[in-house]
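Data block below; observations after.
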Amino acid sequence: MSSEDFPTDRPAVVTCGLPYANGDLHIGHLRGYISADAFNRALKTLGQQSAYVCGSDMHGTPVAVNAEAEGVDPETFALRWHDQYQETFPQFNVEFDNYGHTHDDTNTALTQDIVRTLDEEGYVYEDAVLVAYDPTADDYLPDRYVEGTCPYCGAHARGDECDEGCQRHLEPGEIENPTSVRTGNPAEYRERTHKFFRVSEFADFLTDFLDGLEGTSNARNQPRQWIEEGLQDWCLTRDMDWGIDYPGSEDEDIVLYVWVDAPIEYIASTKQYTERVGAEAYDWAEVWQHDAGGEIVHIIGRDIIQHHTIFWPAMLEAADYNTPRGVAATGFITIDGKGLSTSRNRAIWAKEYLEEGFHPDLLRYYLTTTGGLQQDVDFTWTAFQEKVNGELVGTIGNFWYRSLLFAYRNYEGTPDVAVSSDVEERIEGAIGAVRAGVNDYSLRDVGLAATRLAQFGNEYIQQHEPWKLTDEDPEQAAQVIRDCVQIAKAVGVLLEPIAPDKAQALWEQIGETGSVADAHLEDALEAPPRTFDEPGEIFEKIEDDRVEELEETLEEKIAAASEDDEDEGASESEAETETDDTADDEAPRMDDDTELEPLATDRISFDDFQDLDIRVGEIVVAEGIDGADDLARLEVDIGLETRQVVAGIKRLHDLESLPGTRCILLANMEPAELFGVESNGMVLAAGEAADLLTTHGDAGLGEKVR
RNA sequence: UGCGGGAUAGGAUAAUGCAGUCCACGGGGCUCAUAUCCCCGAGGUCCAGGUUCGACUCCUGGUCCCGCAACCA
Numbered sequence: 000m001s002s003e004d005f006p007t008d009r010p011a012v013v014t015c016g017l018p019y020a021n022g023d024l025h026i027g028h029l030r031g032y033i034s035a036d037a038f039n040r041a042l043k044t045l046g047q048q049s050a051y052v053c054g055s056d057m058h059g060t061p062v063a064v065n066a067e068a069e070g071v072d073p074e075t076f077a078l079r080w081h082d083q084y085q086e087t088f089p090q091f092n093v094e095f096d097n098y099g100h101t102h103d104d105t106n107t108a109l110t111q112d113i114v115r116t117l118d119e120e121g122y123v124y125e126d127a128v129l130v131a132y133d134p135t136a137d138d139y140l141p142d143r144y145v146e147g148t149c150p151y152c153g154a155h156a157r158g159d160e161c162d163e164g165c166q167r168h169l170e171p172g173e174i175e176n177p178t179s180v181r182t183g184n185p186a187e188y189r190e191r192t193h194k195f196f197r198v199s200e201f202a203d204f205l206t207d208f209l210d211g212l213e214g215t216s217n218a219r220n221q222p223r224q225w226i227e228e229g230l231q232d233w234c235l236t237r238d239m240d241w242g243i244d245y246p247g248s249e250d251e252d253i254v255l256y257v258w259v260d261a262p263i264e265y266i267a268s269t270k271q272y273t274e275r276v277g278a279e280a281y282d283w284a285e286v287w288q289h290d291a292g293g294e295i296v297h298i299i300g301r302d303i304i305q306h307h308t309i310f311w312p313a314m315l316e317a318a319d320y321n322t323p324r325g326v327a328a329t330g331f332i333t334i335d336g337k338g339l340s341t342s343r344n345r346a347i348w349a350k351e352y353l354e355e356g357f358h359p360d361l362l363r364y365y366l367t368t369t370g371g372l373q374q375d376v377d378f379t380w381t382a383f384q385e386k387v388n389g390e391l392v393g394t395i396g397n398f399w400y401r402s403l404l405f406a407y408r409n410y411e412g413t414p415d416v417a418v419s420s421d422v423e424e425r426i427e428g429a430i431g432a433v434r435a436g437v438n439d440y441s442l443r444d445v446g447l448a449a450t451r452l453a454q455f456g457n458e459y460i461q462q463h464e465p466w467k468l469t470d471e472d473p474e475q476a477a478q479v480i481r482d483c484v485q486i487a488k489a490v491g492v493l494l495e496p497i498a499p500d501k502a503q504a505l506w507e508q509i510g511e512t513g514s515v516a517d518a519h520l521e522d523a524l525e526a527p528p529r530t531f532d533e534p535g536e537i538f539e540k541i542e543d544d545r546v547e548e549l550e551e552t553l554e555e556k557i558a559a560a561s562e563d564d565e566d567e568g569a570s571e572s573e574a575e576t577e578t579d580d581t582a583d584d585e586a587p588r589m590d591d592d593t594e595l596e597p598l599a600t601d602r603i604s605f606d607d608f609q610d611l612d613i614r615v616g617e618i619v620v621a622e623g624i625d626g627a628d629d630l631a632r633l634e635v636d637i638g639l640e641t642r643q644v645v646a647g648i649k650r651l652h653d654l655e656s657l658p659g660t661r662c663i664l665l666a667n668m669e670p671a672e673l674f675g676v677e678s679n680g681m682v683l684a685a686g687e688a689a690d691l692l693t694t695h696g697d698a699g700l701g702e703k704v705r
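Written out as C-alpha cells, the structure reads:
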C-alpha cells in the first residue's frame, strides 16, 4: 500500500522523540531533532503544509527519583531541563512550531480524555498485579527499579525487559526474585490493582497498519516480529504520585505510565499550535482526527520503535484518532567508532559543540548526509573536518563565491539574459532528487542533491572558462555566468532544509529579500534580482591543528571519566568478555595475545600525585552484590575509619578468603553508586584480572602511600 | 546457547540487471575562486556452497564486527 506522494493537499505534522527532562543534550539527541527539523523544512519546500511540534517528557520514575535526590519537587526539576532545551534548540536551527511539555494543561487534559475514551470503549480492564515493594524503604518499585530473574529464560533481567536474556518485554510483577535497584534490598510482591489496555486485540489492525507504514524499514520489521510472538496487554498505570492521574482515580497513589502521556504530547502540542495561530492557518483536527487523513510523521530513535508502532497506533485507533503515515527510526551515533556513553563522557554535548564556535549548520549537514537515517553514524572531528572542508567549503562555498564574485565584478549582479536550457534541466533534475529524497525519508539524498548540483556548477564554470570569454566572446561569458548564478541560487534553495542559516546568507548575497525558508523548490528556477552587492565567503575552513586539539580534548575527557571508575565499576565489563569462558585463565598471563597498554606520554607533576590520597587498608567484609556479575561490596578498615567500597572482583576472587587481606585504597575518590550500593573509595588492582595490590612489609592501617 | 544491526577500494557511503559517489593516493590542467576547482588513472562486493541467463542483492552454512547493566537518542 502506498500513500500519495508529498506534497499532498492535507496538512502534515512532523515530530521527533520527546527529550526526557533529565539531563543535558548531546549529538545523539540532536540527530533526531535536526533530522525531523530538516524533514519538516523539506516538506515545506515541496509545498506541503507542515508543522513541527514536540515537547519535553516530564514524567516517569527517573525524574521523580533524581528530583528527590536533589531535594526539589519533580515539576521544578523537569521544568529546569525543559527551559534549557528550549534555549538549546534554536541554537541548532531546530525550529518548532510548538514546543510544550507533557505536564502542561493541554496534555494533561487530552491524555485523560483519551484514556477515558479507551476505558469507555471497553479497551481497559482492571487486574491485580504483584508489584515489587521494598519493605525496608517503604517504597513501591516501578518497572525499572526492580531486577531479578526472567520468568521465561531464567536470565538476570531488568524489571521491564529481559535485557540480558530473551529480550522480552516484562510486565510489572512478572519478574522473579525481585530486588530493589535503588537499595539492593530484596523486594516482596504486594498485590495492587492496575489498569490494562487490550493491545492484544489490535494484532490484525497493527499488521495492516505496518503494511502501509512509510519511513525506515526497521520501524516496520521489528514490531512485526513482536506481533508474531503474540502481543501482551499493556499495563497503563504505575504506583507513583508523579505523573498524570488516571481519570477517576485522582485520590489514589496511581498515575498513568509515562509512555501513555508522552506520545499524546504530539497531539497536544499540535493543538497548542492551532490555538496560537488559529485554525485557518493550521488546523490540528485536520491532522489528528480519525477521518481527516492528515500526514503524521514521527522521527524517533530506534530504541523506541515499539512504543511508536505498537502501543501508540493501537491507542490512537482505539481512541478514534488518525494514525501515523510514517515512522522513521534513526540509527545511533558513535564517537570515534565506539558507542556513545554519557557515563563515560564519550559524547559530544550540545553545549560543547557550540562553545567550540562551530556553526550549527555544519553539524546539521554532517549528521544528515553522512549516512542514511537508519544507519548508525560515526562522529569524529576528523571526519567532520573532511566533510566541512571538502563539501561545504570546497564544493558549495567555493562555487557560490567564485560565481557570485565573478558576476559582481563583471555584471554587478545577474547578467541580463535567460538561463540556458541545459542548466535549467540540470536544476530540474536536482529538484526531482530532493522530491524523491523526501518521499523516501532520505535526508541524505536531499542534502547531497544540493552538493551534487554545486559540483555540477564547478564543472560547468571550469569547462566554459568565462574568465577567458569576457574578452573573446562577451555574450557567451554573460550566458555562462547567468547560468552559474542560477545554479548558485538553486543550491541555496535546495540546501535550506539542511543548512537554513547558510542558505539564507546566500539568499541575501544574491539580492533576494525575505526568507529562503519560505521559498519553494520551483523558486530554484526563478531569476534572481538583477543586481547584488559584493559577495563574501559563507563557509570557513577548519584547520588541521584545530582538529588535532579537538580530538585530544575528546580523548582526555573520556580518559578522565574512565579513570574515575576504572577499577571499580566500569572495567569489569571489559574483563567480562575476556574472562568469560576461560576459567583456567586466572594465572598471570603475559603471553603473546595479551596486549599491554602503551605507557602514558603525558607526565604529571608531583603535586598532581599528591592529590591522590592513597591508604593502606584491610578488608574486613567482602560480599557479592545481588544481581551484579562481578561487583562485590567491601568494607575496608583504613585506620581512621572503615569505608564501604564497591569493586569489580567477584568473578576473580574468592570473596570468603578476602577478609583480613591488606589492600591499597584510593581514599579521596569521589563517591559513586553502583547497583544501588554506595562506593566510597577505590581498591587498587592490576589489569583486567583485577589482581589486588597489597603491602609487602607491615605498614600500619591508614598509612599513606607515597 | 540470546536479541538486534552490519561486513562493498586505504577510509567512508550508494546500488533489486553495466558496482556508482566522496575523501585519501598517482598523473595532468586551469587561475574566476577560500592552495580552492576541473580532467585522467589505479584500487572493491567477508568466506564456502546453492538458486539464476545474470547475484552486492535471494537461499544454506560459516567467519568476523558493532550495540544491548546502571537515568545514553
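Numbering (numbering that gives the first Met the number 0), first residue to last: 0 to 705. C-beta atoms are modelled at their ideal positions from N, C-alpha and C, and glycine is treated no differently. Quick caveat: nothing in here was measured; it's all calculated off a predicted structure.
Original post:
Does the Cβ-Cβ distance between I299 and H307 come in under 9 Å?
Top reply: Reading the first sequence from its first residue, position 300 is the one you call residue 299. Reading the first sequence from its first residue, position 308 is the one you call residue 307. Yes. Within cutoff.
Original post:
Between the C-alpha atoms of L140 and D250, what's the straight-line distance to the nearest angstrom?
Top reply: On the first sequence, position 141 is the one that residue 140 refers to. On the first sequence, position 251 is the one that residue 250 refers to. Distance between L140 and D250, taken at the CA atoms: about 20 Å.
Subject >> Beta-ladder partner(s) of F378, from DSSP >> reply: One-based indexing of the first sequence puts residue 378 at position 379. I334.
**OP:** Return the residue from the list D133, C53, Q221 and K350 that minimises the CA-CA distance to P185.
**Re:** One-based indexing of the first sequence puts residue 185 at position 186. Across the set D133, C53, Q221 and K350, the C-alpha of D133 shows the shortest separation from the C-alpha of P185.
Subject >> Residue nearest to Y459 in terms of C-alpha spacing, selected from G491, G446 and V422 >> reply: Here residue 459 is taken as the residue at index 460 of the first sequence, counted from 1. Y459 has its Cα closest to that of V422, out of G491, G446 and V422.
Original post:
Can you round the beta-carbon distance between L692 and E617 to whole angstroms, since I take them to be within the 8 Å contact cut?
Top reply: As a working note, residue 692 is residue 693 in the first sequence. As a working note, residue 617 is residue 618 in the first sequence. With a Cβ gap of about 13 Å, L692 and E617 do not count as contacting.
Original post:
Across which residues does DSSP place K703 in a beta bridge pair?
Top reply: Residue numbering aside, residue 703 sits at position 704 when the first sequence is read from its first letter. Its beta-bridge partners are R614.
Original post:
Would you say the stretch 520-527 touches the stretch 426-446, given that touching needs at least three Cβ pairs under 8 Å?
Top reply: Between the stretch 520-527 and the stretch 426-446, the count of C-beta pairs closer than 8 Å reaches three or more; the two stretches touch.
Original post:
Should D601 be labelled buried (16 or more other beta-carbon atoms within 10 Å of its own) or exposed?
Top reply: As a first step, residue 601 must be located in the first sequence, where it is residue number 602. Residue placement at D601 is poorly supported in this model, since its pLDDT is 49, which falls under 50; the coordinates are not used for a value here.
**OP:** From the DSSP output, in three-state form, read off Y320 for me.
**Re:** Reading the first sequence from its first residue, position 321 is the one you call residue 320. Three-state result, Y320: strand.
**OP:** Confirm, please, whether the CB-CB distance from V387 to Y352 is below 9 Å.
**Re:** Counting from one through the first sequence, the residue named residue 352 turns up at place 353. Counting from one through the first sequence, the residue named residue 387 turns up at place 388. Between Y352 and V387, the gap from beta carbon to beta carbon reaches 9 Å or more.
Original post:
Per DSSP, what kind of secondary structure is M681 in: helix, strand or coil?
Top reply: Within the first sequence, numbered from 1, the residue matching residue 681 stands at position 682. If DSSP states are grouped into helix, strand and coil, M681 belongs with the strands.
Original post:
In terms of DSSP beta bridges, what is K194 paired with?
Top reply: Mapped onto the first sequence, residue 194 falls at position 195. Paired residue(s): E125.
Original post:
What three-state label does DSSP hand S514 in the structure shown?
Top reply: Along the first sequence, read from residue 1 onward, the residue named residue 514 stands at position 515. Coil at S514, not helix or strand.
Original post:
Is the distance from the Cβ of A131 to the Cβ of G70 below 9 Å?
Top reply: As a first step, residue 131 is located in the first sequence; it is residue number 132 there, counting from the start. As a first step, residue 70 is located in the first sequence; it is residue number 71 there, counting from the start. Cβ atoms of A131 and G70: not closer than 9 Å.
Original post:
Using the C-alpha atoms, what's the distance from G31 back to V198?
Top reply: Locating residue 198 in the first sequence gives position 199, counting from the first residue. Locating residue 31 in the first sequence gives position 32, counting from the first residue. Answer to the nearest angstrom: the Cα atoms are 28 Å apart.
Original post:
Does the stretch 44-52 come close enough to the stretch 221-231 to have 3 or more Cβ pairs within less than 8 Å?
Top reply: Note that the stretch 44-52 does not touch the stretch 221-231; fewer than 3 beta-carbon pairs, one per stretch, sit closer than 8 Å.
Original post:
Would you call the stretch 503-515 and the stretch 26-40 touching, i.e. three or more CB-CB distances under 8 Å?
Top reply: Too few Cβ pairs lie closer than 8 Å, so no.
Original post:
What do you get for Q478, buried or exposed, if any count of 16 or more other CB atoms within 10 angstroms of its CB means buried?
Top reply: What you label residue 478 is simply residue 479 of the first sequence in a count that begins at 1. The Cβ neighbour count for Q478, taken over all protein chains shown within 10 Å, is at least 16; the residue is labelled buried.
Original post:
From V620 to C662, what distance separates their C-alpha atoms?
Top reply: As a first step, residue 620 is located in the first sequence; it is residue number 621 there, counting from the start. As a first step, residue 662 is located in the first sequence; it is residue number 663 there, counting from the start. Approximately 12 Å between the Cα atoms of the pair.
Original post:
Should L657 be labelled buried (16 or more other beta-carbon atoms within 10 Å of its own) or exposed?
Top reply: Position 658 of the first sequence, counted from the start, is the residue given in the question as residue 657. Burial check for L657: the Cβ neighbour count within 10 Å reaches 16 or more, so the residue is buried.
Subject >> Enclosing alpha helix (DSSP H) for T273 [first to last residue] >> reply: On the first sequence, residue 273 is found 274 positions in, with the first residue counted as 1. Looking at the DSSP string, the run of the alpha helix (DSSP H) that includes T273 is V257 to V276.
Original post:
How would you label W399, buried or exposed, when you count the other beta carbons within 10 angstroms and need 16 or more for buried?
Top reply: Locating residue 399 in the first sequence gives position 400, counting from the first residue. With at least 16 other beta carbons inside 10 angstroms of its own, W399 counts as buried.
Original post:
Between the C-alpha atoms of L339 and T329, what's the straight-line distance to the nearest angstrom?
Top reply: If you number the first sequence from 1, residue 339 lands on position 340. If you number the first sequence from 1, residue 329 lands on position 330. Computed Cα separation, rounded: 15 Å.
Subject >> CB-CB length for V615 against T694, believed under 8 Å >> reply: On the first sequence, position 616 is the one that residue 615 refers to. On the first sequence, position 695 is the one that residue 694 refers to. That pair is a contact at about 6 Å.
Original post:
Going along the chain, which residues of its own chain have a beta-carbon closer than 7 Å to the beta-carbon of G446, five neighbours each way excluded?
Top reply: Walking along the first sequence from the start, residue 446 turns up at place 447. Hits under 7 Å: Y364, T367, T368 and I497.
Original post:
Just reading off the alpha helix (DSSP H) that V64 is part of, what are its end residues?
Top reply: Reading the first sequence from its first residue, position 65 is the one you call residue 64. Element bounds for V64: T60 to E69.
Original post:
Between which two residues does the beta strand (DSSP E) containing Y51 stretch?
Top reply: As a position in the first sequence, residue 51 is number 52, starting the count at 1. Its beta strand (DSSP E) spans residues S49 to S55.
Subject >> Between the CA atoms of R219 and A560 - distance to the nearest angstrom >> reply: For the purposes of this step, residue 560 is identified with residue 561 of the first sequence, where counting begins at 1. For the purposes of this step, residue 219 is identified with residue 220 of the first sequence, where counting begins at 1. Rounded to the nearest angstrom, the two C-alpha atoms are 38 Å apart.
**OP:** Could you tell me the distance, in whole angstroms, from the CA atom of G54 to the CA atom of H100?
**Re:** Translated into the one-based positions of the first sequence, residue 54 becomes position 55. Translated into the one-based positions of the first sequence, residue 100 becomes position 101. Distance between the alpha carbons of G54 and H100: 4 Å.
Subject >> Among T110, L683 and L654, the one whose alpha carbon lies nearest that of M668 >> reply: Taking the first residue of the first sequence as 1, we reach residue 668 at position 669. M668 has its Cα closest to that of L683, out of T110, L683 and L654.
Subject >> Outcome for R324 when other beta-carbon atoms lying within 10 angstroms are tallied against a minimum of 16 >> reply: The residue labelled residue 324 in the question sits at position 325 within the first sequence. Buried is the call here.
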